[in-house]
Amino acid sequence: MSSNTASSSIDGAGSGDSAAPRRISKRPKYSRFTQQELPACKPILTPRWVILAFLLVGIVFIPIGVVSLFASQDVVEIVSRYDSDCIPPNYQNDPVGYIQNATIDKTCNKTLPVTKHMKQPIYVYYQLDNFYQNHRRYVKSRNDQQLIDGNSSSDISSCRPEAYTNGTNAIVPCGLIAWSLFNDTYSFFHNNTQLEVNKKGISWKSDRDHKFGKEVYPQNFQNGSLIGGKSLDASIPLSEQEDLIVWMRTAALPTFRKLYGKIEVDLQPGEVINVSLENYYNTYSFNGKKKLVLSTTSWLGGKNDFLGIAYLTVGGLCLFLAFSFTIIYLIKPRRLGDPTYLSWNRNPGGH
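Here it is as structure tokens:
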């Protein structure tokens, strides 16, 4: 009786297992794509490949560095610092008092000798040192909508502390950046003839067309009790005030140059340029420096030795490593392992 009972219980269990639902597997269907087994390039960095790579980089970079360095050397620059030279002898110990005294004549004369042929156009820059245009409060003190839209002249929410004059009249353009506009002026003379400085096209075309409005005119600018810099002609729209447009594109570093204009006359070696400048801009309060720069350009741009030196340094380092690895490889070669044991060279099992 017990044997019959056991057999019946076994039958019952079997019938119950067959009727139970199968467990659903979450294992995805096998494919070479989902298992990342598609053919791929997996190079093995053998000593020969490494040496060839370093050698190739060195051969390419060194000529580029030489060409870049020669292009930079072709650029002729005349740099003259004038902030300290233009202080009268009796104000040498009080430069801040000199620059803030409106009754003192700020005219200063400088002589710039030309040592090499300078082909037109000759770009005139002013350079400021120790001037942090990237300071957060300074950079934020402007309103871009006001600069482009004439109907937003009263939108000065982000322009403090230079937002109003007399507490009620909105300033256009507002903010510290516009208020501190550079106001030194330069006049150039050559053989008793004044050289014209072309100030058209010195700003970015995209800035003139898309950031400064043609129907936006200065209002209440530099009318407060404290004058920061240059005044603007209220009859000229902001899109044509290129000195302002150049200044409003803030610099990232404390030493920077900004384009003042272009001299469209060739200058020959041995000639002398006489400069009459008005030293109005106050850099003495923060120990800043002012420099006048005359420069030509090359196909690579302005004078910049760093690019050529960087290419030469990287190229020379790569050649040195290539020769070093070659010597090591020849003197003490290392046997390469069998690549068939690499995981991606094995056949996937179970498929």
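Start counting the sequence shown at 1110; every next residue gets the next number (our numbering).
Glycine residues also receive a C-beta, built at the ideal position from the N, C-alpha and C atoms.
Would you grab the beta carbon distance between residue i and residue j for me? Rounded to a whole angstrom, and I think it's under 8 Å.
i	j	result
GLU1324	PRO1346	6 Å
GLU1311	LEU1353	Looking at the sequence shown, residue 1311 is not Glu but Ile. Actually they do not touch by this definition, with Cβ atoms about 11 Å apart.
ALA1279	SER1263	5 Å
LYS1371	ARG1190	About 22 Å; that fails the 8 Å criterion.
LYS1225	VAL1185	5 Å
VAL1159	PHE1429	Contact flag wrong, Cβ pair sits at about 14 Å.
ASN1239	ASN1396	6 Å
ASN1413	SER1181	6 Å
Assign residue i to one of two classes, buried (16 or more other C-beta atoms within 10 Å of its C-beta) or exposed (fewer than that).
i	result
ARG1141	exposed
ASP1194	exposed
PHE1415	exposed
GLY1174	buried
PRO1198	exposed
ASP1342	exposed
LEU1237	buried
LEU1256	buried
PHE1163	buried
PRO1204	buried
ASP1192	buried
GLN1144	exposed
LEU1386	buried
ASP1293	buried
ILE1213	exposed
SER1289	buried
By Cβ distance below 6 Å, which residues in the same chain neighbour residue i in space, the five residues on each side in sequence not counted?
i	result
ALA1272	ILE1265, CYS1283
VAL1423	PHE1170
GLN1242	THR1359, ALA1360
LEU1178	GLY1417
SER1112	Residue placement at SER1112 cannot be trusted, given a pLDDT of 48 that sits under 50; what the coordinates show is reported in the next sentence. Answer for SER1112: no residue qualifies.
LEU1493	Outside the shown range of the chain, which is 1110 to 1460, sits residue 1493, and nothing can be said about it.
TYR1438	PRO1156
MET1357	ILE1286
PRO1270	none
LYS1441	none
TYR1200	TYR1207
Output needed for residue i: all residues of its chain with C-beta closer than 8 Å, excluding positions within five of it in sequence on either side, in chain order.
i	result
GLY1459	Legend: pLDDT at GLY1459 = 45, less than 50; position of this residue unreliable, no value from coordinates given.
ASP1253	LYS1320
LEU1304	PHE1297, PHE1298, ILE1372, VAL1374, ILE1382
LEU1362	ASN1243
LEU1421	PHE1170, ILE1171, GLY1174, VAL1175, LEU1178
CYS1427	PHE1163, LEU1164, VAL1166, GLY1167, PHE1170
From residue i to residue j, what does the alpha carbon distance come to, in whole angstroms?
i	j	result
GLY1206	ILE1418	44 Å
ARG1251	ASP1316	15 Å
THR1302	TYR1295	14 Å
ILE1153	PHE1432	20 Å
GLN1328	ASN1202	38 Å
PHE1291	LEU1285	12 Å
ASN1210	VAL1281	27 Å
PRO1230	THR1220	20 Å
PRO1172	LEU1409	15 Å
THR1364	LYS1249	20 Å
ASN1275	TYR1326	19 Å
LYS1215	VAL1384	13 Å
CYS1217	SER1344	30 Å
TYR1247	VAL1306	30 Å
ASN1300	PRO1378	14 Å
GLY1411	VAL1176	14 Å
CYS1268	TYR1232	32 Å
ASP1258	VAL1355	19 Å
ILE1168	LYS1314	39 Å
ARG1443	ASP1183	49 Å
ILE1196	SER1334	25 Å
Skipping 5 residues on each side, what residues in its chain have a beta carbon closer than 7 Å to that of residue i?
i	result
THR1155	LEU1445
VAL1188	LYS1400, VAL1402
TYR1234	ARG1366, LYS1367, LEU1368, TYR1369, VAL1402, SER1404
ILE1436	none
Any 3 or more C-beta pairs closer than 8 Å across the region 1347–1362 and the region 1398–1410: no
contact_flag[the region 1132–1139, the region 1383–1395] where n(CB pairs < 8 Å) is 3 or more: no
At least three beta-carbon pairs within less than 8 Å, the region 1330–1338 to the region 1295–1313: no
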